[in-house]
Amino acid sequence: MNKRRWIALAIVVLVVVSALVLQLVRGEESSVASAPEKWKAKTVSGSGTNQVLQLYVEGVISEESSWNSSFDYQALISQLNQAKEDPNVKAIVIRINSPGGAVVPTDELHRKLKQIKSETKKPIVISMGSYAASGGYYLATAGDKVYANPSTLTGSLGVIASYMNYGELAKEYGITENVIKSGKFKDMGNPMREMTQDEHTLLQGVINESYQQFVDVIAEGRKMPREKVLQLADGRIYTGKQAKANGLIDELGTLEDATEAAKKLAKLQEAKVVRYEEPFGFSRMFSSFSTKLSGILNQQPIPGFLSEEKRTPSLEYIYRP
1 MNKRRWIALA IVVLVVVSAL VLQLVRGEES SVASAPEKWK AKTVSGSGTN
51 QVLQLYVEGV ISEESSWNSS FDYQALISQL NQAKEDPNVK AIVIRINSPG
101 GAVVPTDELH RKLKQIKSET KKPIVISMGS YAASGGYYLA TAGDKVYANP
151 STLTGSLGVI ASYMNYGELA KEYGITENVI KSGKFKDMGN PMREMTQDEH
201 TLLQGVINES YQQFVDVIAE GRKMPREKVL QLADGRIYTG KQAKANGLID
251 ELGTLEDATE AAKKLAKLQE AKVVRYEEPF GFSRMFSSFS TKLSGILNQQ
301 PIPGFLSEEK RTPSLEYIYR P
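First residue of the sequence shown? That's 1 in UniProt numbering, and the numbers climb one at a time after it.
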């Protein structure tokens, strides 16, 4: 058997094994779907029954898990729900290392944090890591107090939507597209042709609406005059030091500083600092592998202007250099 056949056979085996693993994972997930996920609290420091929980937002914020991202939307929601109901959790520290992400999941996470604060009175303190920009900052506005390193990259306050034009490239490959539509705006943003001025105007209106929502969130969360927010929210990035000077954060400090602040806000003399660990299970063991493998198998071997991902429009609170 020659080399090409061996490679083809290996690919077939890999696909079959992956399919079996996915079926087993789905089977286990369906069998436990009725039971809420229970996260195990791992002690970082301290002692006692009162807990200060450290949670992490890392990577691009999206509802769907990606093979090249560490962010897990469903896991974070599950952790927040558990923390909300756990009487031992007295305060929450959110460590953010994120450039932001999609508008909807970012806003939903922000609403979840506000819900926890309003319904439980548990203080939430934000600790920014290397970067907490755009949607990462959007989340930070829900904090009772916000900390950042002097060199943290934050800001990028605004909305973006990218619509690429692959028309000329498609022609080089001999690809054309025939569109039958019910109205002139039905294929607005079609990457196979130039965007019209009317389409651009409509999309700008959508962007402006999401931008105004971002401005409102900052004004409310930071108790800042709207006029000042509008001056700051022009898309530029700020260092942690600049953010403090502009009132976008409260203090310069570390994760430990933020944790101590959470203890004080919760009026705790002693507390155990904890982090959640994933519960052990077959589905947990293979879910990450399955996601990454699916992403690799779905990669386009030719230019991706025909892929669904490239053609699906989205609004994003995200920092893109």
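Just so it is clear, CB atoms sit at the ideal spot from N, CA and C, and this is done for glycine as well.
Owing to the predicted nature of the structure, the values given are computational and were not obtained by experimental measurement.
Query                                                                                                                                                                 : Result
Comparing C-alpha positions only, which one of Thr-259, Ser-162 and Gly-135 sits nearest to Leu-153?                                                                  : Gly-135
Quick one: is Arg-236 buried, meaning 16 or more other Cβ sit within 10 Å of its Cβ, or exposed?                                                                      : exposed
What do you reckon, are the CB atoms on Pro-105 and Glu-63 nearer than 7 Å?                                                                                           : yes
Considering Gly-100, what are the terminal residues of the beta strand (DSSP E) in which it resides?                                                                  : 100–102
Lys-263: which of Asn-88, Asn-81 and Glu-278 sits nearest, CA to CA?                                                                                                  : Asn-88
Which stretch, first to last residue, makes up the alpha helix (DSSP H) that contains Glu-277?                                                                        : From DSSP, Glu-277 is part of no alpha helix (DSSP H) but of the beta strand (DSSP E) over 272–277.
From which residue to which residue does the alpha helix (DSSP H) around Glu-177 run?                                                                                 : Here Glu-177 belongs to no alpha helix (DSSP H), and DSSP marks it neither H nor E.
Quick check on Ser-162: does DSSP put it in helix, strand or coil?                                                                                                    : coil
If Ile-94 and Leu-55 are in contact, beta carbons under 8 Å, what's the gap, nearest whole angstrom?                                                                  : 5 Å
Look at Val-44 and Ala-261 and say whether their C-beta atoms are less than 7 Å apart.                                                                                : no
Go ahead and label Arg-222 buried or exposed: buried means 16 or more other beta carbons lie within 10 angstroms of its beta carbon, across all protein chains shown. : buried
Tell me which residues share the same chain as Thr-120 and place their Cβ nearer than 8 Å to its Cβ, disregarding the 5 neighbours each side in the sequence.         : Lys-84
Anyone know if the C-beta pair for Met-192 and Glu-199 falls short of 7 Å?                                                                                            : no
Mark Ala-245 as exposed unless 16 or more other C-beta atoms lie within 10 angstroms of its C-beta, in which case mark it buried.                                     : exposed
Which of the three DSSP states, helix, strand or coil, is assigned to Met-195?                                                                                        : coil
Please report the distance separating the alpha-carbon of Lys-181 from that of Gly-101.                                                                               : 31 Å
Please specify which runs of the beta strand (DSSP E), each continuous and at least 3 residues long, are wholly inside the region 89–126, giving them in chain order. : 89–98 and 100–102
What did DSSP end up calling Lys-241 once you bin it into helix, strand or coil?                                                                                      : helix
Alpha helix (DSSP H) containing Lys-228: first to last residue?                                                                                                       : 226–232
Along the beta strand (DSSP E) that carries Tyr-147, what are the first and last residues, could you check?                                                           : 145–148
Would you kindly work out how many angstroms separate the C-alpha atoms of Glu-220 and Tyr-138, rounded to a whole number?                                            : 11 Å
Are the beta-carbon atoms of residue 330 and Ala-258 separated by less than 7 Å?                                                                                      : For residue 330 there is no data in the structure shown, the boundaries of the chain being 1 and 321.
When burial is assigned at 16 or more other CB atoms within 10 Å of the CB, is Gly-205 buried or exposed?                                                             : exposed
Under 6 Å: does the beta carbon of Lys-38 sit that close to some heavy atom of the ligand COA?                                                                        : Among the components modelled here there is no ligand, and therefore nothing to report on the ligand COA.
What are the boundary residues of the beta strand (DSSP E) that includes Lys-40?                                                                                      : 40–45
Residues in its own chain within less than 8 Å of Leu-230 by CB, not counting five upstream and five downstream?                                                      : Val-215
Pro-321: which of Ile-160, Tyr-211 and Ser-151 sits nearest, CA to CA?                                                                                                : Ile-160
Could you pull the start and end residues of the beta strand (DSSP E) that Tyr-317 belongs to?                                                                        : 316–318
Taking the alpha carbon of Val-217 as the point to measure from, which residue in Ser-70, Asn-50 and Asp-107 has its own alpha carbon closest?                        : Asp-107
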